[in-house]
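A.B. asks: The numbering used here applies: residue 75 is where the sequence shown begins, and numbers increase by one. We put the CB at the ideal spot given by N, CA and C, even for glycine.
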Amino acid sequence: MSSRAFEQPNDELEAQLSALGSRIAWAPTPDLAHAVLASHTQPAPREIWDRRRTWLAVAAILLLLSGTLLASSSIRSTVADFLGIEGLRIELGESVTTPAAHPNLGTPTSMQDFQHWLPFAPMQPDTLGGPDAVYLRVL
Numbered sequence: 075m076s077s078r079a080f081e082q083p084n085d086e087l088e089a090q091l092s093a094l095g096s097r098i099a100w101a102p103t104p105d106l107a108h109a110v111l112a113s114h115t116q117p118a119p120r121e122i123w124d125r126r127r128t129w130l131a132v133a134a135i136l137l138l139l140s141g142t143l144l145a146s147s148s149i150r151s152t153v154a155d156f157l158g159i160e161g162l163r164i165e166l167g168e169s170v171t172t173p174a175a176h177p178n179l180g181t182p183t184s185m186q187d188f189q190h191w192l193p194f195a196p197m198q199p200d201t202l203g204g205p206d207a208v209y210l211r212v213l
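#1: If we call anything under 8 Å between Cβ atoms a contact, is R150 one with L143?
#2: Quick check on DSSP: helix, strand or coil for V208?
#3: Would you identify the three-state DSSP class for T152, choosing helix, strand or coil?
#4: Is T181 helix, strand or coil by DSSP?
#5: Could you give the distance in angstroms between the alpha-carbon of Q90 and the alpha-carbon of I98?
#6: For P196 versus Q189, is the C-beta distance shorter than 8 Å?
#7: Considering just the uninterrupted stretch of the alpha helix (DSSP H) at H108, what are its terminal residues?
#8: Looking at the secondary structure, which residues open and close the alpha helix (DSSP H) in which A93 lies?
#9: With a Cβ-Cβ cutoff of 8 Å, do L210 and T181 count as a contact?
#10: Below 8 Å between beta carbons: does that hold for V208 and S184?
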């Protein structure tokens, strides 16, 4: 083949290809633009800001209302009465009582003596070892 065949336009081949293209039954082209737009609809940045602003306003109102309820005892008692809720009263005393030095847990005993009183074998974790103390009180 000579390079001259590629240099000259082949009008006959072009005409045949154009005729062939018009005779081929092509599948209809789908409307891709609407499909892509429908699948990727996102709210505009302004809509996002409007939603954030709305949520900020709601949060600010709730914070203001809860702060008012906490600050004003008369409003707090009115709301509690309306809702039928008893209030929580905290009273500060002089001092806290100390625990008893010897609580009435029973008679100190060993684990072996304790097992004689039980109808089952008590279980204990091996990793912790035995108990520090065992008390028995018969009711």
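C.D. replies: Answer, in terms of the structure:
#1: Taking the first residue of the sequence shown as 1, we reach residue 150 at position 76. Taking the first residue of the sequence shown as 1, we reach residue 143 at position 69. Contact flag set, yes.
#2: Here residue 208 corresponds to residue number 134 of the sequence shown, with the count starting at 1. Note: V208 maps to strand in three-state DSSP.
#3: In the sequence shown, the residue the question calls residue 152 occupies position 78. Helix at T152.
#4: In the sequence shown, the residue the question calls residue 181 occupies position 107. T181 falls in the strand class under three-state DSSP.
#5: Locating residue 90 in the sequence shown gives position 16, counting from the first residue. Locating residue 98 in the sequence shown gives position 24, counting from the first residue. Those two C-alpha atoms are separated by around 12 Å.
#6: Walking along the sequence shown from the start, residue 196 turns up at place 122. Walking along the sequence shown from the start, residue 189 turns up at place 115. Against a cut-off of 8 Å, the Cβ pair of Q189 and P196 comes out as a contact.
#7: To locate residue 108, count along the sequence shown from 1; it is residue 34. Residues L106 to S113.
#8: Mapped onto the sequence shown, residue 93 falls at position 19. Run containing A93: D85 to R97, per the alpha helix (DSSP H) assignment.
#9: Position 136 of the sequence shown, counting from 1, holds the residue named residue 210. Position 107 of the sequence shown, counting from 1, holds the residue named residue 181. Yes, Cβ-Cβ distance for L210 and T181 is below 8 Å.
#10: Reading the sequence shown from its first residue, position 134 is the one you call residue 208. Reading the sequence shown from its first residue, position 110 is the one you call residue 184. It is a contact, given that the beta carbons lie within the stated cut-off.
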